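Residue numbers (my numbering): 24 to 116. What follows is a single structure, written as C-alpha cells, with notes after it.
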C-alpha cells in the first residue's frame with residue numbers, strides 16, 4: 024500500500040506538471056484519496072479529495088456523475104476525521 028501511494032503521488036505530480044488540470048487528473052486524484060480512505064487514512068485522504076473536488080469543479084460539467092462521486096468521498100472523509108456536520112452537508116449537496 025505504501026509503495027502504491029507513493030507511486031500514485033509521483034504520477035499525479037508529473038501529470039499536473041506536464042498536462043495541467045483536467046477532469047481526468049481530478050479523477051486520478053480522487054482515486055488516491057479513495058485508496059487512502061480504504062485503509063482508514065482519512066486525514067491523509069483529505070487534501071487529495073479536496074483538491075480533486077476543486078479541480079472537478081473547474082474542469083467538469085455540473086451534471087458529471089464523477090463530480091457526485093468525488094464530493095461524496097470528500098464528505099465521507101470529513102465524517103471520518105470527525106467533522107460530521109460538514110461531511111453530511113457535502114454528501115447532501
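Note that CB positions come from ideal geometry on N, CA and C, so glycine has one too. All values derive from a computational prediction rather than experimental measurement.
By the C-beta density criterion, residue 98 is buried, having at least 16 other C-beta atoms within 10 angstroms. By the CB criterion at 8 Å, residue 78 and residue 49 fall inside the cutoff.
Here residue 45 carries a coil assignment [DSSP, helix/strand/coil]. Between residue 76 and residue 55, the gap from beta carbon to beta carbon reaches 8 Å or more. Per DSSP, the continuous alpha helix (DSSP H) segment holding residue 69 begins and ends at 65 to 82.
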